[in-house]
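If you read the protein sequences in the order shown, they are chains A and B. So for the first sequence, my numbering puts the first residue at 1; every next one is plus one. So for the second sequence, my numbering puts the first residue at 272; every next one is plus one.
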Amino acid sequence: MAKVLVVTSGKGGVGKTTSTAALGAALASQGKNVVVVDFDVGLRNLDLVMGAERRVVYDLINVVQGDAKLAQALIRDKRCETLHLLPASQTRDKDNLTQEGVAKVMDELREKFDWVICDSPAGIERGATLAMRHADAAIIVTNPEVSSVRDSDRIIGLLDSKTLKAEAGERMDKHLLLTRYDPIRAERGDMLKVDDVLEILSIPLLGIVPESQDVLRASNLGSPVTLCEPQSAPARAYFDAARRLEGAELPVVIPSERKGFLGKLFGRRAA
Amino acid sequence: MNLFSMFSRRSSAPVARERLQVLLAHERAVIGNSDLVAVLREEILAVIAKHVPVEREKVRVKMDRGDQVSLLEVDIELPEMPQKAQKVA
């Protein structure tokens with residue numbers, strides 16, 4: 001049974017696309033059939049982060065409008081054969097994404113894949129609401145910073161009201177992915193702590209991705225950090241998050257940069 | 272920045288936390304309410320309509336949120352009813 005995830009945040013630049021690529025690659029490297037779908041029409045970037053920017057022929061809007069078959073638009077990753085990308089259109093207008101068209105594509109993707117991960121555009125407009133509409137669960141990417149936390153709170157409200165699940169009276173599963181976390185600054189009192197963010201947003205924690213140079217390096221090279229530097233601290237955080245998505249109960253730790261050492265153990269259970 | 276000011280600087284995270292808690296409590300109330308009032312109105316209308324024919328515009332739901340007490344005002348104008356329906360209502 002396929003599971004559809006939306007990776008969303010409200011605020012831009014917090015790491016939605018990076019996290020979509022990293023989690024998609026982590027799940028795919030465990031043998032799952034995964035597709036990552038870019039919903040950011042006009043400002044697509046998932047193709048670039050995945051290193052597939054020169055392989056895009058057809059896109060999501062072509063498939064929605066029936067100009068191309070889904071199989072023609074899907075790009076299979078060269079490093080991990082169970083990982084696929086459905087790119088967004090860079091030139092077309094986002095108004096071409098109709099609700100019915102997206103519903104049809106999502107149905108088709110559900111049949112083909114174990115995991116469908118939708119990379120939401122920033123904001124709360126049409127693109128963002130369409131990306132979350134069909135989701136079974138949501139990953140809210142948040143930085144430990146006031147504007148990001150505020151926007152995440154707003155997005156949580158939308159997830160609980162504007163999605164198909166919410167409209168059917170069901171509960172949307174929501175997971176917090178805290179990115180760009182710096183445990184030293186948090187300990188010094190210069191950055192919101194994990195517990196502060198959890199208390200304010202009151203959704204379960206999926207993982208803590210530490211601030212790291214490896215993330216920028218991976219995007220420079222066009223490779224998800226989980227494929228590019230699988231032993232790095234952020235990659236280990238994403239691998240753990242992927243295992244939690246698969247149902248594993250692991251205590252949430254902040255992976256440290258030093259290899260072989262796990263970060264501070266929190267003993268907290270993830271949902 | 273001298274050494275002294277480095278040590279005496281207050282940490283900023285607790286301020287961030289407090290500001291967010293105050294702001295979000297307010298925003299959740301405002302944004303949540305606009306939806307809540309609409310939902311309440313529809314559900315109240317459905318319950319009334321089960322027993323009494325009532326016009327949509329005759330059901331008014333209003334929410335006033337204060338610091339200490341919030342007030343939910345429901346104003347329903349019923350049409351002339353036969354005896355039986357009145358008992359149910």
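Every residue gets a Cβ at the ideal spot worked out from N, C-alpha and C, and that includes glycine. Just so we're clear, the structure is a prediction, and the values are computed from it rather than from any experiment.
Three-state class that DSSP yields for residue i in the structure shown
i      : result
A:Y181 : strand
A:M50  : coil
B:S341 : strand
A:M277 : Absent from the model: residue 277 of chain A. The displayed extent of chain A is 1 to 271, so no value can be given.
A:N84  : Sequence check: residue 84 of chain A is His here, not Asn. If DSSP states are grouped into helix, strand and coil, A:H84 belongs with the strands.
B:I319 : helix
A:P255 : coil
A:V35  : strand
B:I333 : Per the sequence presented here, residue 333 of chain B reads as Lys, with Ile not at that position. It is a strand residue.
A:V273 : The requested residue 273 of chain A is not part of the displayed model; chain A covers only 1 to 271.
B:R281 : coil
B:R290 : helix
B:R327 : helix
A:R76  : strand
A:V41  : coil
CB of residue i within 7 Å of CB of residue j, strictly
i      : j      : result
A:T273 : A:R133 : Any answer about residue 273 of chain A is impossible in this case: the structure gives chain A only from 1 up to 271.
B:E348 : B:K329 : yes
A:S9   : A:K3   : no
A:S256 : A:A233 : yes
B:D346 : B:R327 : no
A:L97  : A:V35  : no
A:I200 : A:V252 : no
A:D119 : A:V7   : yes
A:D38  : A:L27  : no
A:G222 : A:G51  : yes
A:D182 : A:E211 : yes
A:R44  : A:P87  : yes
A:D114 : A:K193 : no
A:L227 : A:G207 : no
A:I117 : A:L5   : yes
C-alpha gap between residue i and residue j, whole angstroms
i      : j      : result
A:V102 : B:P350 : 46 Å
B:Q292 : A:D214 : 33 Å
A:K11  : B:V323 : 48 Å
A:I184 : A:D190 : 9 Å
B:L342 : B:R312 : 15 Å
A:L250 : A:A186 : 23 Å
A:P121 : A:D40  : 5 Å
B:A296 : A:I155 : 15 Å
A:V49  : A:R217 : 11 Å
A:K165 : A:E125 : 19 Å
A:K94  : A:G127 : 7 Å
B:R280 : A:L158 : 38 Å
B:A287 : A:I254 : 22 Å
B:I315 : B:E344 : 12 Å
A:A135 : A:L85  : 17 Å
A:P204 : A:P144 : 15 Å
Heavy atom of the ligand ATP within 6 Å of residue i beta-carbon
i      : result
A:P121 : With respect to small molecules bound, the structure shown includes none, and the ligand ATP cannot be examined in it.
Practice task
Would you list, in chain order, the members of the region 153 to 175 of chain A that have their beta-carbon closer than 7 Å to a beta-carbon of chain B?
Solution key: Listed by position along the chain: D153, G157 and S161.
Handout entry: chain B contacts from the region 138 to 153 of chain A (Cβ-Cβ distance under 9 Å)
Key = Closer than 9 Å at the C-beta level to chain B, one finds these residues of the region 138 to 153 of chain A: P144, E145, V146, V149, R150 and D153.
Problem - Interface positions of the region 120 to 137 of chain A facing chain D (Cβ-Cβ less than 9 Å), listed along the chain - result: Within the model displayed, chain D is absent; protein chains A and B are what it includes.
Exercise for the section: Go through the region 163 to 247 of chain A residue by residue and report every complete run of the beta strand (DSSP E) that reaches 3 residues or more, in order. Expected result: Fully enclosed beta strand (DSSP E) runs of 3 or longer: 173 to 181 and 205 to 210.
Practice task
Pull out every residue of the region 240 to 256 of chain A whose Cβ sits closer than 9 Å to any Cβ of chain B, in chain order.
Solution key: Using a CB distance below 9 Å, no part of the region 240 to 256 of chain A faces chain B.
Exercise for the section: Write down every uninterrupted run of the beta strand (DSSP E) in the region 88 to 161 of chain A whose length is 3 residues or greater and which is fully enclosed by it, in chain order. Expected result: Taking only runs of at least 3 residues, the beta strand (DSSP E) segments lying wholly in the region 88 to 161 of chain A are 115 to 119 and 137 to 142.
Practice task
Mind checking the region 176 to 195 of chain A against chain B and listing, in chain order, the residues whose C-beta falls within less than 8 Å of any C-beta there?
Solution key: Listed in sequence order: A186, R188, G189, D190, M191, L192 and K193.
Problem - Members of the region 199 to 211 of chain A near chain B, C-beta cut-off 7 Å - result: Answer in chain order: I200.
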